[in-house]
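Under the numbering used here, residues 3 to 96 are what the sequence shown spells out, in order.
For each residue, glycine too, the CB sits at the ideal point set by N, CA and C.
In what follows, a structure is listed as C-alpha cells, so that the remarks can point back to it.
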Amino acid sequence: MIRSELIQKIADDNPHLYQRDVERIVSTIFDEITGAMADGDRVELRGFGAFSVKKRDARVGRNPRTGETVHVEEKHVPFFKTGKLLRDRLNGKA
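Okay, here's the thing in C-alpha cells:
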C-alpha cells in the first residue's frame with residue numbers, strides 16, 4: 003500500500019471527512035514520526051511496532067567493483083521492530 007492508497011482508504015471508510023483533511027492528517031502523522039526520529043527519539047505504536055534510529059559506526063569498506071578499500075562514514079539508519087499483535091497476525095495466530 004502506498005501513501006495515496008492509505009489516504010483513499012481512510013477517506014472511503016470515513017465519508018464525513020474531506021479528502022484534503024485526511025491528506026493533512028496522514029501527512030501530520032508521518033511528519034511527527036519523522037521529526038521524532040530525526041531528534042533521536044523512539045516512536046512506539048502499540049500493537050503495530052516501534053520506530054527507532056540505530057547508529058552505524060564508521061568503518062573501512064571495499065568497493066565490490068574495483069576491490070579498493072574505501073572509508074565509510076558513521077551514519078544513522080531507521081529501524082522498525084514489529085509489535086506482538088502485528089507479528090501474531092502475520093503468522094496467522096490472531
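Point to revise | Residue range of the unbroken alpha helix (DSSP H) whose run includes Gly37 | key: Counting from one through the sequence shown, the residue named residue 37 turns up at place 35. Start and end: Gln21 to Ala40.
Practice item. With a floor of 3 residues, list each beta strand (DSSP E) that falls wholly inside the stretch 51-85, ordered by position along the chain. Key: 51-58, 61-64, 71-74 and 77-84
Check your understanding: Contact check, Val79 vs Lys56 under 8 Å by CB: the rounded distance?
Key -> Against the sequence shown, residue 79 aligns to sequence position 77. Against the sequence shown, residue 56 aligns to sequence position 54. The Cβ separation is near 6 Å, so the contact holds.
Check your understanding: With 16 other CB atoms within 10 Å as the buried threshold, where does Val24 fall?
Key -> Residue mapping note: residue 24 aligns to position 22 of the sequence shown, counting from 1. Looking at its Cβ environment, which holds 16 or more other Cβ atoms inside 10 Å, Val24 is buried.
**Study point:** 8 Å Cβ shell around Asp59 - same chain, five flanking residues per side excluded
**Key:** Position 57 of the sequence shown, counting from 1, holds the residue named residue 59. Cβ neighbours of Asp59 beyond the five flanking positions: Glu76.
Check your understanding: Looking only at its own chain, which residues have a Cβ that is under 6 Å from the Cβ of His18, when we skip the five neighbours before and after it?
Key -> Mapped onto the sequence shown, residue 18 falls at position 16. Closer than 6 Å at Cβ, skipping near neighbours: no residue.
Practice item. Counting only the same chain and skipping the five closest in sequence on each side, list residues whose C-beta sits under 8 Å from that of Glu70. Key: Residue 70 sits at position 68 when you count from the first residue of the sequence shown. The residues are Arg64.
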